[in-house]
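Per our numbering, residue 5 is the first one in the sequence shown, and the count goes up by one each step.
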Amino acid sequence: MASAPFVALASALVEAMGQRLDAAKPTEEGLVLRTGDGFLYAFLEDPTRVSLETIRHLFESGDGLPAHLVVLTPGHLPLAISQDVVRRGGTLIEGARFSELARQLGLETYLGEEPRVPPKVDRRLLPSAQLLDAIVLRARTWLDWGVPALALRFYRQASELKPEFLPARTGIGRSLLALGLVNDADRIFDEVLAARPEDVDGRMGKAAVLGARAQPLKEVELYRELLAEDEARTEVRAHLLAALVDLRDWRGARVEIEALLSRTPEDSQLRFLHAVALSETGEKALGEEERLEARRLGLPYERESALCQHLGLPTPPRPEATPAPTASTAKVAVRAERAPATPLARSRPTRRGPAVRSRGKRRRRSVPRKGK
């Protein structure tokens, strides 16, 4: 059976997330909780004791009711088991992300840590407004990290706190869409547009629903309509780019990539997409140069490989160990990390990593220059 401290932590997490429990069941590996919104949360204390049979039982423990499984563990499941969770449509929160969830909810003491110093707040805001901002920030963080199950929980919490707050409603729709619950997401976006027909996020959500229903041309058309109204909407252009990439319309994608690069020229992932677009539109030499530039700006090998896999391109060979970056190249990498996420993040979370530079001749000078 799970230890008493771990059960206490699991219970505190569920309570802090504002979950409405339908049932709770202790198991040999931890604690399984069913919530009122159709989710099954499995808290597993010791990943080394978890087997594929354990996961099968978890997916079958819904008593015939539809449920989305969320597995939470402070350690790391074996690769084969974690892949099985994802393959079956579950969500996995393990290791550092499990600890970060507890910290976000002010439960550091359960981890044996000192409480975080509370962030400075705008004293002009009411406590309820401060709480709403904190919840929405959590929701956006988990959606950006590719964990829509938790994003959905926090967006719902924000919506319960302030029902008329439309950003929380559109966040619910985005999270449902990421979980594959297309019809539910469509209904949410309809509710948002019924309250405010001109809402851009709601209209973008409707476009994303069309893409999820295998109507990418109509999705692109809606994005273009939004851009025709206001060309400065970077978030619309980013979603348009993602739709064009999915269509393999590289000429159209190249136009949108170059428009985005004019605002964030040091975004390494956009540079990589630009390299692919150049190669696919007949400029392979320029494409190779741009790919090297993406690496120089800090594109990690793992992220480049993931992008290649997403686009159906050959995986690049793993580079040899490179010298530690100097102060100037480190600053470039930091700026690239802080740039807005590229559109492909809507389907795959971005993994952060160390800067990877193209190999060239080394000089004795401390400040590197571009290779020939």
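Every residue, glycine too, gets a C-beta built ideally from N, C-alpha and C.
| query | result |
| --- | --- |
| Can you tell me where the beta strand (DSSP E) with Arg-24 in it begins and where it stops? | Taken as a continuous stretch (DSSP letters only), Arg-24 belongs to no beta strand (DSSP E), as it is neither H nor E. |
| Pick out the complete alpha helix (DSSP H) segments inside the segment 235-305, 4 residues or longer, and give them in chain order. | 238-251, 254-265, 272-284 and 288-300 |
| Using DSSP with H/G/I as helix, E/B as strand and the rest coil, what is Arg-91? | helix |
| Does Val-54 come out as helix, strand or coil in the three-state DSSP assignment? | coil |
| How many whole angstroms separate the CB atoms of Arg-241 and Ala-211, which I take to be in contact at a CB cut-off of 8 Å? | 13 Å between Cβ atoms; not a contact. |
| In terms of residue numbering, what span does the alpha helix (DSSP H) encompassing Thr-174 cover? | 170-182 |
| Would you kindly check if the distance between the Cβ of Ile-97 and the Cβ of Val-54 is under 9 Å? | no |
| Give me the Cβ distance between Val-74 and Phe-43, rounded to the nearest whole Å; I'm assuming they're in contact under 8 Å. | 6 Å |
| Taking the alpha helix (DSSP H) that Thr-378 belongs to, which residues open and close that run? | No answer is possible for residue 378: the residues shown for the chain start at 5 and end at 376. |
| Could you tell me if Gln-87 is buried or exposed, where buried requires 16 or more neighbouring beta carbons within 10 angstroms of its beta carbon? | exposed |
| Taking Cβ positions, are Ala-172 and Arg-157 nearer each other than 9 Å? | no |
| I need the straight-line Cα distance from Arg-142 to Leu-17, nearest angstrom please. | 14 Å |
| May I ask you to report which of helix, strand or coil DSSP gives Leu-37? | strand |
| To the nearest angstrom, how far is it from the Cα of Phe-193 to the Cα of Leu-214? | 12 Å |
| Can the beta-carbon of Arg-275 be found closer than 9 Å to that of Leu-303? | yes |
| Under a three-way DSSP split, which group does Val-151 fall into? | coil |
| Between which two residues does the alpha helix (DSSP H) harbouring Ala-218 extend? | That residue, Ala-218, is in no alpha helix (DSSP H); it is neither H nor E in DSSP. |
| How far does the beta strand (DSSP E) with Leu-13 in it reach, from first residue to last? | Careful: Leu-13 lies outside any beta strand (DSSP E), inside the alpha helix (DSSP H) at 8-20. |
| What's the call for Glu-49, buried or exposed, on a 16-neighbour Cβ count within 10 Å? | buried |
| Whole angstroms is fine: what's the gap from Leu-154's alpha carbon to Trp-146's? | 6 Å |
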